[in-house]
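Worksheet: one structure, shown below.
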Amino acid sequence: YLDLSGIDFQFNPIPHSLSQLINLQHLKLSAANLSRSIPAQLANLSNLPNLDLSSNSLTGPIPTLRKPIRRCNPASWGLVSQCGFNLKDILHILIFPIMEYHIAFLDLPSRLRFLNLSSNEIKGTLPDITSVFALYPGMDLSNNQLEGPIPILPSKLSALNLSGNRFSRTLSFLCQINATLTFLDLSNNLLSRGMPDCLKKFQEMIVVLNLSNNSLSGEIPSYLGFFSRLQALYLRRNSFVGEIPMSLSNCTKLRFVDLGENKFSDNILAWIGETLSDLYVLVLRYSMVDYHPKYFLDLSNNAILGNIPRCFGNFTAMANEVFQADIMRHSYSSYIVTLPRSKTQHSYLSYGPLLSCYIPPYFGCGSNEEALFIDNA
266 YLDLSGIDFQ FNPIPHSLSQ LINLQHLKLS AANLSRSIPA QLANLSNLPN
316 LDLSSNSLTG PIPTLRKPIR RCNPASWGLV SQCGFNLKDI LHILIFPIME
366 YHIAFLDLPS RLRFLNLSSN EIKGTLPDIT SVFALYPGMD LSNNQLEGPI
416 PILPSKLSAL NLSGNRFSRT LSFLCQINAT LTFLDLSNNL LSRGMPDCLK
466 KFQEMIVVLN LSNNSLSGEI PSYLGFFSRL QALYLRRNSF VGEIPMSLSN
516 CTKLRFVDLG ENKFSDNILA WIGETLSDLY VLVLRYSMVD YHPKYFLDLS
566 NNAILGNIPR CFGNFTAMAN EVFQADIMRH SYSSYIVTLP RSKTQHSYLS
616 YGPLLSCYIP PYFGCGSNEE ALFIDNA
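Residue 305 in my numbering is what sits at position 40 of the sequence shown, and the numbering runs on without skipping anything.
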């Protein structure tokens, strides 16, 4: 492990002796005043799996890619994987905040586990990158200025984050990707139309699916109920209509569900409380929510009808003091609200002005939860 973060390499170049550390596993060069292309000294670090170049001034467009980047097979992924990292680690890799990134792919270590070009100023359309990775790459191009339709991508992708760009048109490019995808985030783009049938091939692999803040329409397909490993489903701020499919009750590993700001027409869904008792976050509301407590249920400002079902008291995970912080990492970072300090360690249950009903005494049986009921009807 070598941490060179914060050292100013603008006028004092990285020593060539760095290239001799061929067994280095972790290298941090964040905030090191690097500019232009990636340092050539990194080319010989063929075994380097973890590289942090965040908060520098590496600039430029994405060039044509030629060199394969090898990666371990995600077929062995579980919450503990033979690849050496779990879902928590994947999400850590996804959020490296690289500022402005010009990447010389011929100078990259050949055994990188994950390609991260997030939070750059990369513009234009995405070039052909189908020949870059030899096996099961993970790729993060989020928070750039890429636009146009998403082209054909490497067929054996394991994780893909294209959020925060200006990609348009449909999700049809997913039909060319093999059933190896575990993490998919296409949020905050300009994608339209519905969810294609070919997405059902990911039902045995997908853990996180985020399509929020697009212009997707139609009904939520029932095949989502067969995504046996799904832990997080974000479809917020689209134009989905109809009923929320009951088949989602089969997704018993779900921990985070955000379906807010759509056009669903349905009663409060009793089966959610009956089968998804391990939910940490459930959002069905219309307006934007800013909140980040331990556990979170938000049904406010909606158009759903009826009383709160008795089975909503089964949300035991929201009332449990034992909290798995590693799973929370893929929840929305924007859930922030100011509450009295004495209440910030408890659960939070919010009901908005369009939902008025009696809270039964059996609602939430945990002794440490805190319920906030707001009725402006």
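Beta carbons: idealized from backbone N, C-alpha and C, even for Gly. If you're wondering where the values come from, they're calculated on a predicted model, not measured in any experiment.
Where the beta strand (DSSP E) through residue i begins and ends
i, result
"Met511", "Met511 -> no beta strand (DSSP E), and no H or E assigned at all."
"Tyr403", "Looking at the sequence shown, residue 403 is not Tyr but Gly. Here the beta strand (DSSP E) through Gly403 covers 403-405."
"His291", "291-293"
"Glu484", "480-484"
"Phe432", "431-434"
"Asn426", "424-426"
"Ser457", "455-458"
"Leu547", "546-548"
Whole-number beta carbon distance between residue j and residue i, since they are thought to touch under 8 Å
i, j, result
"Leu519", "Ile509", "Not really, about 12 Å apart at Cβ, beyond 8 Å."
"Cys516", "Gly490", "6 Å"
"Glu469", "Ala444", "7 Å"
"Ser433", "Ser407", "Rounded, the Cβ-Cβ distance is 16 Å, inconsistent with contact."
"Ser383", "Asp405", "5 Å"
"Phe274", "Ala297", "5 Å"
"Asn503", "Ser480", "7 Å"
"Arg431", "Leu456", "Not really, about 10 Å apart at Cβ, beyond 8 Å."
"Val548", "Val522", "7 Å"
"Ile442", "Leu411", "Going by Cβ atoms, the distance from Ile442 to Leu411 rounds to 18 Å, so no, they are not a contact pair."
"Leu310", "Leu294", "So it is not a contact: roughly 12 Å between Cβ atoms."
"Ser487", "Ser512", "5 Å"
"Leu267", "His291", "7 Å"
"Ile471", "Leu495", "6 Å"
"Leu380", "Pro414", "Leu380 to Pro414, Cβ: 21 Å. No contact."
For residue i: DSSP bridge partner residues
i, result
"Gln410", "Lys388"
"Glu526", "Note: Glu526 sits in no beta bridge, so no partner."
"Val473", "Phe448, Ala497"
"Asp268", "Lys293"
"Leu655", "Nothing in the structure corresponds to residue 655, since the chain is present only between 266 and 642."
"Ile491", "First, the residue type needs correcting, since residue 491 is Phe and not Ile in the sequence shown. In DSSP, Phe491 forms no bridge with anything."
"Ser504", "Ser482"
"Phe521", "Ala497, Val546"
Test: residue i CB closer than 8 Å to a CB of chain C
i, result
"Ser270", "Considering every chain present, this structure includes no chain C. It has just one protein chain."
Cβ pair count under 8 Å reaching 3, the region 468-476 against the region 447-454: Touching, yes, given that three or more Cβ pairs across the two stretches are closer than 8 Å.
Inter-stretch contact (C-beta, 8 Å, three-pair minimum) for the region 409-420 and the region 431-445: Three or more Cβ pairs closer than 8 Å define a contact, and the region 409-420 meets that threshold against the region 431-445.
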